[in-house]
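Note sheet for the following structure.
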Amino acid sequence: MAEAAVSAKRPLRGPFLAQLELRARLADKFGHLPTTDLLPLLVQYFDRFWTKLPCYADLRPYLERVPADVAPALLTRLQETLDAKAATVREYGQVRRGSALA
Numbered sequence: 064m065a066e067a068a069v070s071a072k073r074p075l076r077g078p079f080l081a082q083l084e085l086r087a088r089l090a091d092k093f094g095h096l097p098t099t100d101l102l103p104l105l106v107q108y109f110d111r112f113w114t115k116l117p118c119y120a121d122l123r124p125y126l127e128r129v130p131a132d133v134a135p136a137l138l139t140r141l142q143e144t145l146d147a148k149a150a151t152v153r154e155y156g157q158v159r160r161g162s163a164l165a
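The numbering of the sequence shown is my numbering, which starts it at 64 and goes up by one.
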C-alpha cells in the first residue's frame, strides 16, 4: 500500500498513516504493539513528511505508544534523519547560491 505512495511524485500521507493505525489497532486488540513494527514506520513517515505542518499531529498518537525504554533509540533515529535532511538542504542552498553567482 505505501509502496504506491512512495513512488508517487507527491507522496501521500494517508497510506503511511493507515499502516500506523493498523498497527495501533492490532495492539489494542491483542494487547501489545511490537516496537519492531512501529519504529521503522514512524521513522519512514518522519523521513517523508518532516517538513509538513501536520507531521507532529499525525505522529503524536503513535509516539505516545512508544515504550519509555525504546524512546531514546527512536529519538536518535529521528535526529539522524533530521541531520541528514538538514545537510541536504544546506548543500542545495550552497549549490543554488553558487549557480546564482556564476
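We treat Cβ as the ideally placed atom computed from N, Cα and C, and that holds for glycine.
These numbers come from a predicted model, not from an experiment.
- Taking all protein chains in view, the Cβ of residue 116 is surrounded by fewer than 16 other Cβ atoms within 10 Å, so the residue is classified as exposed.
- Taking a 10 Å sphere around the C-beta of residue 145, we find fewer than 16 other C-beta atoms and assign the residue as exposed.
- Here residue 122 is buried, its C-beta having at least 16 other C-beta atoms within 10 Å.
- Taking the Cα of residue 82 as reference, the smallest distance to any Cα among 147, 142 and 105 is reached at 105.
- Within the same chain, no residue comes within 6 Å of residue 131 by CB-CB distance, once the 5 residues on both sides are set aside.
- Here the alpha carbons of residue 125 and residue 119 stand approximately 10 Å from one another.
- Secondary structure of residue 114 (DSSP, three-state): coil.
- A direct Cα-Cα distance of roughly 29 Å separates residue 112 from residue 94.
- Going by beta carbons, residue 137 and residue 129 fall inside the 8 Å limit.
- Around the Cβ of residue 101, a 10 Å sphere holds 16 or more other Cβ atoms; the residue is buried.
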